[in-house]
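First the structure, in the form of structure tokens, and then the observations on it.
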Amino acid sequence: MSLKLQEPIFLELEILAAQLQKNRNAYINEAVEYYNKMQRRRLLAKQLEEECLAIREADYEVFKEMEAMEDPID
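Numbering (the numbering used here), first residue to last: 10 to 83.
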């Protein structure tokens with residue numbers, strides 16, 4: 010696999026990996042694993058928000074229908 014990094018990112022990677030006493034491959038693997046977890050969380054949060062909105066809208070429709078049934082007929 011080939012990976013092209015911007016020079017400043019690569020230099021920071023080298024410095025941090027050395028300070029943490031990790032090789033470049035291990036450091037990149039950990040970084041990608043962490044990034045993937047964060048992206049999954051973002052996607053899950055978005056899905057949850059969309060589903061909550063759909064439920065809220067459905068609940069409102071049921072409320073309106075029940076409210077209409079309670080109104081006295083003139």
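Quick reminder that beta carbons are idealized off the backbone N, C-alpha and C, glycines included.
This structure is a prediction, so every number in the text was calculated from the model and none was measured.
Can the beta-carbon of residue i be found closer than 7 Å to that of residue j?
i	j	result
Arg33	Ala40	no
Please return the same chain residues whose Cβ sits closer than 7 Å to the Cβ of residue i, not counting the five positions on each side in sequence.
i	result
Asn38	none
When you compare only the Cα positions, how much space is there between residue i and residue j?
i	j	result
Leu29	Glu23	10 Å
Glu76	Ala63	20 Å
Gln48	Lys13	21 Å
Ser11	Lys46	23 Å
Leu20	Val71	59 Å
Tyr36	Glu59	35 Å
Tyr44	Gln56	18 Å
Cys61	Asp68	10 Å
Arg51	Glu74	35 Å
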